[in-house]
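Novice: In the numbering used here, the protein residues as written are 491 to 665. Just so it is clear, CB atoms sit at the ideal spot from N, CA and C, and this is done for glycine as well. The model shown is predicted, which means the values in this text are computed figures rather than measured ones. For reference, the structure I am asking about is given below.
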Ligand code: NI
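Listed below in structure tokens is the structure:
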């Protein structure tokens, strides 16, 4: 957070770039996401300003409220809310380490994009799955989650938030 490039809009992956850029980019993104135990990552987080996101989370006792999400690679993603219902939950971000903030997101979305093999992907998602996709696509538009926090009292260091007793536990995967 603070690097001005993270606040810029990433550009679409061109047809040529599927072959020339994508294989190495995906390897680097997966390495980074796994190294940090993240639930998701967007290309600009590793300094490549292209519209590529990866997300997925295995069943994990640390995150009892989070249903598993299959590992998904989306190139040139788009999303639409299916309704007006929103939900608030705590988020963390690999680009904002050690902190958490409460963010309102659409409860249910449809997202579309291309797989690395150029196959069309279209998925209806809700809950954490919908949240992580909205978080990652925000990265492609130069938006970090703190910009979406309504009350900055809902933003802070993990240790302070846990110690405050205001919230029992903040086990939220970063993305
Ligand atoms: Ni993030």
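Does the distance from the CB of residue 629 to the CB of residue 534 come in under 9 angstroms?
Specialist: yes
Novice: Do the segment 540-553 and the segment 499-513 touch if we need at least three Cβ pairs shorter than 8 angstroms?
Specialist: Inter-segment contact for the segment 540-553 and the segment 499-513 is present: three or more beta-carbon pairs are separated by less than 8 angstroms.
Novice: Can you tell me the Cα-Cα spacing of residue 604 and residue 653, whole angstroms?
Specialist: Taking the straight line from one Cα to the other gives about 42 angstroms.
Novice: For residue 551, does the three-state DSSP call read helix, strand or coil?
Specialist: coil
Novice: Please find out if some non-hydrogen atom of the ligand NI comes closer than 8 angstroms to the beta-carbon of residue 559.
Specialist: no
Novice: Could you check the C-alpha separation between residue 564 and residue 596 for me, to the nearest Å?
Specialist: If you take the alpha carbons of residue 564 and residue 596, they lie about 19 angstroms apart.
Novice: What span of residues does the alpha helix (DSSP H) with residue 517 cover, start to end?
Specialist: 512-525
Novice: Would you say the beta carbon of residue 532 comes nearer than 8 angstroms to a heavy atom of the ligand NI?
Specialist: For the ligand NI, a non-hydrogen atom lies closer than 8 angstroms to the CB of residue 532.
Novice: Would residue 621 be called buried (16 or more neighbouring beta carbons within 10 Å of its own) or exposed?
Specialist: Its Cβ being crowded by 16 or more others within 10 Å, residue 621 is buried.
Novice: Shortest alpha-carbon distance to residue 573 belongs to which of 599, 592, 581?
Specialist: 599
Novice: Examine the ligand NI and report whether any of its heavy atoms sits within less than 8 angstroms of the Cβ of residue 584.
Specialist: yes
Novice: If you measure from the CB of residue 601, is any heavy atom of the ligand NI nearer than 8 angstroms?
Specialist: no
Novice: Whole angstroms are fine: how far does the CA of residue 638 sit from the CA of residue 529?
Specialist: 19 angstroms
Novice: Quick check: the Cα distance between residue 635 and residue 589, rounded to an integer number of angstroms?
Specialist: 11 angstroms
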